[in-house]
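Basically my numbering = 1-based index in the sequence shown + 768. Here a beta-carbon is modelled for each residue, glycine too, at the ideal position from N, C-alpha and C. Encoded as structure tokens, the structure appears first; notes follow it.
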Amino acid sequence: MTVRRGLPWSWGATDAEIDASYPCAELVPEPAVRMIRAVDVAAPAAVTFRWVCQLTRAPYSYDLIDNLGRRSPRTLTPGADTLAPGTPFVMIFQVADVVPGAEITGVGRPGPVRRFGPMACTYRVVPVGEHASRLIGRLDLTATQLGAPIAWGDLLMMRKQLRTLAACAERSV
């Protein structure tokens, strides 16, 4: 299955990013839904990746909805970049694999999997020269009947998340 082009399935991603291979695909081999979102970041890849590691601490989306009204930290949390399989990640996932400095792949935790079926995500940071990067998020899941509503909701939430992480990374340099 490929990612459908256009809203709500893809946002901000280039054709090459949409067509690229992501580790989350190996964790959900027959997804009903694939979504991808991407943003430019005016910060080096290492700085951007460090901010992606913050997703072990908070969602960085709409905090009123995703974080019970608590603001996601705007400073780096010491130790958030110490990742291992099983570490909670993006609230409903746990870390499955890490390529240090480049990508984090998560698999759905038991509660959300009961609700939405098997799911996995990959957050990838790609250098764009020395002082910029691309932040790409891909989500694969098996929830066939809820595919379109989930895609629209994910579009709003992940777009906000990626933009917030990009802004935090940019303020760090």
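Query                                                                                                                   : Result
Validate contact between the stretch 790-808 and the stretch 880-893 using beta carbons, cut 8 Å, 3 pairs               : yes
Buried/exposed call for Glu798, threshold 16 Cβ in 10 Å                                                                 : exposed
Endpoints, the alpha helix (DSSP H) within which Leu933 is located                                                      : 915-939
Neighbourhood of Leu923 by C-beta distance below 8 Å, restricted to the same chain and skipping five residues each side : Leu775, Pro776, Trp779, Met803, Arg805
Those residues which DSSP pairs with Val866 across a bridge                                                             : Ile872
Contact check, Phe861 vs Gly876, beta carbons under 8 Å                                                                 : yes
Exposure label - Glu785; buried when at least 16 CB within 10 Å                                                         : buried
For Leu930 and Ala900, the rounded distance between their alpha carbons                                                 : 15 Å
In chain order, each beta strand (DSSP E) run of at least 3 residues that lies wholly inside the stretch 778-849        : 801-809
Alpha-carbon to alpha-carbon, Asp908 and Phe817                                                                         : 21 Å
Cβ-Cβ distance between Gly874 and Ala864 below 8 Å                                                                      : yes
Which listed residue (Arg902, Gly897, Ala781) has its alpha carbon closest to that of Trp819                            : Arg902
Three-state class that DSSP yields for Gly774 in the structure shown                                                    : coil
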